[in-house]
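Asks: Residue numbers (the UniProt record's numbering): 1 to 365. Here you go, one structure.
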């Protein structure tokens, strides 16, 4: 196999792979081809000679004791006979016989070609998988190439076609072929049968965070940090932020002048309302802020439960439409939130005292 080294280099350059990775896969392809052509019961080894630029394929025969019952001269050879070939061999070493796939003609060439194609393709898929696995939760752009009958949207991103299922799409969103779509990489899986599958999402809270990072320079450069976020996609979201600098207002920087920054993100999320709040390491303060726009009287933490006291007039604000505000606050803080009204008992006492005073003045009526 002449100048295989040049072929390896050509494949590496064309596919954007490393020379050593391609070389290793080519050697594996030679070994697998030998197993198909000469039989899987033997052990084989392929090595590249950098001087001749040729790959040498060997059948390995294990050197064993002269009395070993496994002796068959195809898989095992006695030490005595091995010494006739190479006197330096010891028990446990291998005696290598060079094989010539070229000598098998078109059959050998066909088998070897298919093995090389298969292993190079697997290498390409593994490298793509590594690339996209390292980009989980990263914002990407792509062009819609197909939408199937199950509403799965296929999006072309660089060298792959990623998929976004209906559950990872904001409600009522519809895409057409040719549309440009923003999303985050949710997962990247490699299957021996189906190859690589990259899944995208527009419903993950990480998508909101990625959009904020792209829109707000202070978040991108690390001056403002997103502590956590929570979403009910297409409806409402909350994001908790803190600043690494006393000169930066994390909420103000994120919202932008007249809300320009937060509104741009909201528009990408189909009008999703976004509450930006300042994070506090003090749980009681964090829970109170998370329930905005409601004004909270007090918060008491008991294990994973936050008992929130507030006046009756603020309760509906804390709960929100269909319970959306309190659900997001719980998701954001990690606490189960329980609301307690204050002031009701005091009103009852005042009413009772007033009734007693009336009775004292006018008697029973």
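For glycine and all other residues, C-beta sits at the position ideal for the given N, C-alpha and C.
Looking at C-alpha atoms only, which residue of 162, 118, 283 is the closest neighbour of residue 418?
Replies: Only positions 1 to 365 of the chain appear in the structure, and residue 418 is not among them; the question remains open.
Asks: Could you check which residue in 48, 237, 247 has the C-alpha nearest to that of residue 211?
Replies: Closest by alpha carbon: 237.
Asks: Taking just the CA atoms, how far does residue 42 sit from residue 65?
Replies: Taking the straight line from one Cα to the other gives about 19 angstroms.
Asks: What would DSSP say about residue 50, mapped onto helix, strand or coil?
Replies: Residue 50: coil per DSSP, three-state reduction.
Asks: For the candidate residues 198, 192, 153, 195, whose alpha-carbon lies nearest to that of residue 181?
Replies: Of the candidates 198, 192, 153, 195, the one whose C-alpha sits nearest the C-alpha of residue 181 is 153.
Asks: State the DSSP-derived secondary structure class of residue 275, mapped to helix, strand or coil.
Replies: Here residue 275 sits in strand by DSSP.
Asks: For the stretch 312-326 against the stretch 256-267, are there 3 or more C-beta pairs whose distance is under 8 angstroms?
Replies: Short answer: they don't touch.
Asks: Leaving aside the five residues before and after residue 191 along the sequence, list all residues of the same chain whose C-beta is less than 8 angstroms from its C-beta, in chain order.
Replies: Once the five neighbours on either side are set aside, the close Cβ partners of residue 191 are 197.
Asks: Give, in chain order, every unbroken run of the alpha helix (DSSP H) that is at least 4 residues long and sits entirely within the stretch 54-98.
Replies: Runs found: 79-85.
Asks: Among the residues of its own chain, which have a CB less than 8 angstroms from the CB of residue 251, if the five just before and after it don't count?
Replies: Around residue 251: 241, 276, 277, 278.
Asks: Per DSSP, what kind of secondary structure is residue 202 in: helix, strand or coil?
Replies: Here residue 202 sits in coil by DSSP.
Asks: Could you tell me if residue 129 is buried or exposed, where buried requires 16 or more neighbouring beta carbons within 10 angstroms of its beta carbon?
Replies: By the neighbour-count rule (16 or more Cβ atoms within 10 Å), residue 129 is buried.
Asks: In this structure, what does DSSP give as the bridge partners for residue 141?
Replies: Its beta-bridge partners are 182.
Asks: By Cβ distance, which residues of its chain are closer than 8 angstroms to residue 226, with the 5 residues on each side in sequence left out?
Replies: Taken in chain order, the residues that qualify are 209, 212, 213, 219, 239, 240, 241.
Asks: By DSSP, does residue 170 sit in helix, in strand, or in coil?
Replies: Residue 170: coil per DSSP, three-state reduction.
Asks: What are the complete beta strand (DSSP E) segments, minimum 3 residues, inside the stretch 218-298?
Replies: Segments of the beta strand (DSSP E) lying fully in the stretch 218-298: 224-232, 236-243, 273-278.
Asks: Considering only the alpha carbon of each residue, which of 206, 168, 338, 176 lies closest to residue 200?
Replies: Among 206, 168, 338, 176, the Cα nearest to that of residue 200 belongs to 168.
Asks: I believe residue 120 touches residue 11 by the beta-carbon criterion, under 8 angstroms. Please report the beta-carbon distance rounded to the nearest angstrom.
Replies: Sure, about 6 angstroms apart at Cβ, within 8 angstroms.
Asks: Since residue 61 and residue 26 are thought to touch, with beta carbons under 8 angstroms apart, how far apart are those beta carbons, to the nearest angstrom?
Replies: At roughly 24 angstroms, the Cβ-Cβ gap does not stay under 8 angstroms, so residue 61 and residue 26 are not in contact.
Asks: Name the DSSP bridge partner or partners of residue 189?
Replies: BP columns for residue 189 point to 197.
Asks: Can you tell me which of 173, 296, 58 puts its alpha carbon nearest to the alpha carbon of residue 151?
Replies: Residue 151 has its Cα closest to that of 173, out of 173, 296, 58.
Asks: Looking only at its chain, what residues have a beta carbon closer than 7 angstroms to the beta carbon of residue 23, apart from the 5 residues adjacent to it on each side?
Replies: Once the five neighbours on either side are set aside, the close Cβ partners of residue 23 are 8, 48.
Asks: For residue 28, I'd like the list of residues in its chain whose CB is within less than 7 angstroms of its CB, leaving aside the five on either flank, ordered along the chain.
Replies: The answer, listed in chain order, is 119.
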